[in-house]
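Chemist:
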Amino acid sequence: MDFLNESWNNYFNTNDGEDESIFSHISVNKYDFYKQAFTVLGDATKNVTGKIDLVQKDGSKKWFKYNIGAGLANNTKDKGIVAILNDITSEVHLEENLLEVVKREKELNDLKSAFVNMVSHELRTPLAVISSGAEIIQMMLEVGKPVADIEAYTTQILTEVERMTAFMNDLLMVSKIEAGKIDFYPQATDLQAFINEIAVKSYSPWKDGRTLIVTTKGISQNVDIDIKMLRHVMQNLIDNAFKYSIGKRTPQIRLRFGKSQLTISIVDNGIGIHKDDIVKLFASFSRGRNVANIAGTGMGLVVVKYFVDQHAGIINIRSTLDLGTIFSVKIPYQKPKL
Numbered sequence: 003m004d005f006l007n008e009s010w011n012n013y014f015n016t017n018d019g020e021d022e023s024i025f026s027h028i029s030v031n032k033y034d035f036y037k038q039a040f041t042v043l044g045d046a047t048k049n050v051t052g053k054i055d056l057v058q059k060d061g062s063k064k065w066f067k068y069n070i071g072a073g074l075a076n077n078t079k080d081k082g083i084v085a086i087l088n089d090i091t092s093e094v095h096l097e098e099n100l101l102e103v104v105k106r107e108k109e110l111n112d113l114k115s116a117f118v119n120m121v122s123h124e125l126r127t128p129l130a131v132i133s134s135g136a137e138i139i140q141m142m143l144e145v146g147k148p149v150a151d152i153e154a155y156t157t158q159i160l161t162e163v164e165r166m167t168a169f170m171n172d173l174l175m176v177s178k179i180e181a182g183k184i185d186f187y188p189q190a191t192d193l194q195a196f197i198n199e200i201a202v203k204s205y206s207p208w209k210d211g212r213t214l215i216v217t218t219k220g221i222s223q224n225v226d227i228d229i230k231m232l233r234h235v236m237q238n239l240i241d242n243a244f245k246y247s248i249g250k251r252t253p254q255i256r257l258r259f260g261k262s263q264l265t266i267s268i269v270d271n272g273i274g275i276h277k278d279d280i281v282k283l284f285a286s287f288s289r290g291r292n293v294a295n296i297a298g299t300g301m302g303l304v305v306v307k308y309f310v311d312q313h314a315g316i317i318n319i320r321s322t323l324d325l326g327t328i329f330s331v332k333i334p335y336q337k338p339k340l
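Numbering (our numbering), first residue to last: 3 to 340.
(1) What does SER330 pair with, by DSSP beta-bridge criteria?
(2) Any idea if SER206 is buried or exposed, counting beta-carbon neighbours within 10 angstroms, 16 or more meaning buried?
(3) Identify which residue in PHE186, ASN198, THR322 has its Cα closest to the Cα of LYS337.
(4) Counting Cβ pairs closer than 8 Å, one from the region 260-271 and one from the region 135-153, do we hit at least three?
(5) In the structure shown, what three-state DSSP assignment does LEU160 receive?
(6) Span of the beta strand (DSSP E) holding LEU56?
(7) Report the rounded CA-to-CA distance for ILE54 versus ALA72, giving the unit in angstroms.
(8) If you check the beta carbons only, do ASP172 and MET301 fall under 8 Å apart?
(9) Would you kindly check if the distance between the Cβ of PHE329 and the Cβ of LEU232 is under 8 Å?
(10) Relative to the C-alpha of LYS37, which candidate in GLY61, ILE255, TRP65, ILE83 has its C-alpha closest?
(11) My parser needs the alpha helix (DSSP H) runs of 4 or more residues fully inside the region 177-264; what are they?
(12) Would GLU162 be called buried (16 or more neighbouring beta carbons within 10 Å of its own) or exposed?
(13) Compare the beta carbon distance of GLN254 and ILE215 with 8 Å and say whether it is the shorter of the two.
(14) Is the region 216-227 close to the region 275-287, with three or more CB pairs under 8 Å?
(15) Where does ALA85 fall in DSSP's three states?
(16) Straight-line CA distance for ILE333 to ARG165?
(17) Under the three-state reduction of DSSP, which class applies to ASN69: helix, strand or coil?
(18) If I'm right that VAL306 touches LEU257 with Cβ under 8 Å, what's the distance once you round it to whole angstroms?
(19) Could you check which residue in ASP311, GLU153, PRO128, LEU100 has the C-alpha nearest to that of VAL365?
(20) According to DSSP, is MET3 part of a helix, a strand, or is it coil?
(21) Does the region 172-182 come within contact of the region 195-210, defined as at least 3 CB pairs closer than 8 Å?
(22) What did DSSP end up calling LYS337 once you bin it into helix, strand or coil?
(23) Go ahead and label ILE200 buried or exposed: buried means 16 or more other beta carbons lie within 10 angstroms of its beta carbon, across all protein chains shown.
(24) Could you check the C-alpha separation between SER92 and PHE66 for me, to the nearest Å?
(25) Which residues mark the beginning and the end of the alpha helix (DSSP H) in which PHE309 is found?
(26) Would you tell me roughly how many angstroms separate the C-alpha atoms of ARG320 and GLY146, rounded to the nearest one?
(27) Is the Cβ-Cβ distance between VAL202 and GLN158 less than 8 Å?
(28) Mind checking whether THR322 and GLY249 have CB atoms under 8 Å apart?
(29) Which term fits VAL331, buried or exposed, when burial requires 16 or more other beta carbons within 10 angstroms of its beta carbon?
(30) According to DSSP, LYS282 sits in a beta bridge with which residue or residues?
(31) Could you tell me whether the Cβ atoms of HIS313 and ILE227 are closer together than 8 Å?
(32) For ASP279 and ASN292, I'd like the C-alpha separation in whole angstroms.
(33) Report the partner residues of LYS64 according to the DSSP bridge assignment.
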């Protein structure tokens, strides 16, 4: 490089005596700039423009718009080029910020649409069942039908009320999470006994007659958990395992006590999850594409992921369509210090 003016020295903190080259500062598209420069050397009538990012000595990056034209090498008649650079860093950052705003706005609009669709389905369907059930009960009472004939409709109404209550609870839980209003209270807990209690009380049997199977590997030990949080995690995942495997083999919980962590795997042989849906499942109101006729809010796994994170744990999903799904929750025995 024959000559770099004072502005260059100020921008890149260099001295006139330093052997400096613009090419040493280009972090990406270096060869595109080479190509543009040699295009001008080959044809002095050409003038090219473009955008490059240059890295300063401290590692920070600045963006420049360049204009390359033909010129003569310093004090000679040799062919050369003149490159004029204008700092457009602020404009680039503004453009990036605007693109991020547009992206967020689209995400919010998508989220709003998903929320409206989900709410209309999760509230309209139960309300329709409750309304029709109440009308039928009223007609049956008017004609003096026996109580036994009415019970089926009252049970149906109560089921839909429970569904709406669960929906509202999910909404409230997500709201609390987003507001940071949920505290974490870990205590040493016998995990084997904890899981067995959940299995016996809620899934022996489940409402379709199937009974949850629990298996264990390794030596059972106490683990520091927030009992309310982990109970919520287990019940959500186990409920899903049953709900999405109607008519299939009974789901299982597999406990594995390793050297440094506990792994809880919830296994079902149900409808499975499409591979493109797996990465979206922990986002609010997101559900698999093959669950249209199965009730759900798309919020349960948001809460599950948050509660697992509070334990410094991780949750993994393995699934094959029409064969089943495995949710694995891994919780370290000792939570890493922050």
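For each residue, glycine too, the CB sits at the ideal point set by N, CA and C.
Modeler: On the basis of the supplied data:
(1) Translated into positions along the sequence shown, residue 330 becomes position 328. Bridge partners of SER330: SER267, ASN318.
(2) As a first step, residue 206 must be located in the sequence shown, where it is residue number 204. Exposed: under 16 other Cβ atoms inside 10 Å.
(3) Here residue 337 refers to the residue found at position 335 of the sequence shown. Per the Cα distances, PHE186.
(4) Contact between the region 260-271 and the region 135-153 is absent, with fewer than three C-beta pairs closer than 8 Å.
(5) In the sequence shown, counting from the first residue as 1, residue 160 sits at position 158. LEU160 falls in the helix class under three-state DSSP.
(6) The sequence position of residue 56 within the sequence shown is 54, counting from 1. It spans 50-57 - the beta strand (DSSP E) in which LEU56 sits, taken as one unbroken run.
(7) In the sequence shown, residue 54 corresponds to position 52, counting from 1. In the sequence shown, residue 72 corresponds to position 70, counting from 1. About 19 Å.
(8) As a position in the sequence shown, residue 172 is number 170, starting the count at 1. As a position in the sequence shown, residue 301 is number 299, starting the count at 1. Cβ atoms of ASP172 and MET301: closer than 8 Å.
(9) Here residue 232 refers to the residue found at position 230 when the sequence shown is read from its first residue. Here residue 329 refers to the residue found at position 327 when the sequence shown is read from its first residue. No, they are not a contact pair.
(10) For the purposes of this step, residue 37 is taken as the residue at position 35 of the sequence shown. Among GLY61, ILE255, TRP65, ILE83, the Cα nearest to that of LYS37 belongs to ILE83.
(11) 193-205, 229-245
(12) Position 160 of the sequence shown holds residue 162. Around the beta carbon of GLU162, 16 or more other beta carbons sit within 10 angstroms, so the residue counts as buried.
(13) Taking the first residue of the sequence shown as 1, we reach residue 254 at position 252. Taking the first residue of the sequence shown as 1, we reach residue 215 at position 213. In this structure, ILE215 lies closer than 8 Å to GLN254 by Cβ.
(14) Output reads no: the region 275-287 does not touch the region 216-227.
(15) Stepping through the sequence shown from its first residue, residue 85 is reached at position 83. In this structure, ALA85 counts as strand in the three-state DSSP scheme.
(16) Walking along the sequence shown from the start, residue 333 turns up at place 331. Walking along the sequence shown from the start, residue 165 turns up at place 163. Each residue's alpha carbon lies about 30 Å from the other.
(17) To locate residue 69, count along the sequence shown from 1; it is residue 67. Note: ASN69 maps to strand in three-state DSSP.
(18) For the purposes of this step, residue 306 is taken as the residue at position 304 of the sequence shown. For the purposes of this step, residue 257 is taken as the residue at position 255 of the sequence shown. With 8 Å as the limit, VAL306 and LEU257 do not qualify as a contact, their Cβ atoms being about 18 Å apart.
(19) Residue 365 cannot be examined here, being either before or after the span of the chain that is shown, 3 to 340.
(20) Working through the sequence shown from its first residue, we reach residue 3 at position 1. Reliability of the predicted coordinates at MET3 is poor, the pLDDT of 48 falling under 50, and no value is obtained from them.
(21) no
(22) As a working note, residue 337 is residue 335 in the sequence shown. DSSP places LYS337 in coil when its eight states are reduced to three.
(23) Position 198 of the sequence shown, counted from the first residue, corresponds to residue 200. So ILE200 ends up on the buried side.
(24) On the sequence shown, residue 92 is found 90 positions in, with the first residue counted as 1. On the sequence shown, residue 66 is found 64 positions in, with the first residue counted as 1. So the two alpha carbons sit approximately 10 Å from each other.
(25) To locate residue 309, count along the sequence shown from 1; it is residue 307. Here the alpha helix (DSSP H) through PHE309 covers 302-312.
(26) Looking up residue 320 in the sequence shown gives position 318. Looking up residue 146 in the sequence shown gives position 144. When rounded, the separation of the alpha-carbon atoms in ARG320 and GLY146 is 54 Å.
(27) In the sequence shown, counting from the first residue as 1, residue 202 sits at position 200. In the sequence shown, counting from the first residue as 1, residue 158 sits at position 156. Contact check for VAL202 against GLN158 fails: the beta carbons are separated by 8 Å or more.
(28) Locating residue 322 in the sequence shown gives position 320, counting from the first residue. Locating residue 249 in the sequence shown gives position 247, counting from the first residue. It is not a contact, given that the beta carbons lie outside the stated cut-off.
(29) As a first step, residue 331 must be located in the sequence shown, where it is residue number 329. VAL331 counts as buried, since no fewer than 16 other beta carbons sit within 10 angstroms of its beta carbon.
(30) Residue numbering aside, residue 282 sits at position 280 when the sequence shown is read from its first letter. LYS282 pairs with nothing; no bridge assigned.
(31) Here residue 313 refers to the residue found at position 311 when the sequence shown is read from its first residue. Here residue 227 refers to the residue found at position 225 when the sequence shown is read from its first residue. Cβ atoms of HIS313 and ILE227: closer than 8 Å.
(32) As a position in the sequence shown, residue 279 is number 277, starting the count at 1. As a position in the sequence shown, residue 292 is number 290, starting the count at 1. Approximately 10 Å between the Cα atoms of the pair.
(33) The sequence position of residue 64 within the sequence shown is 62, counting from 1. Paired residue(s): LEU56.
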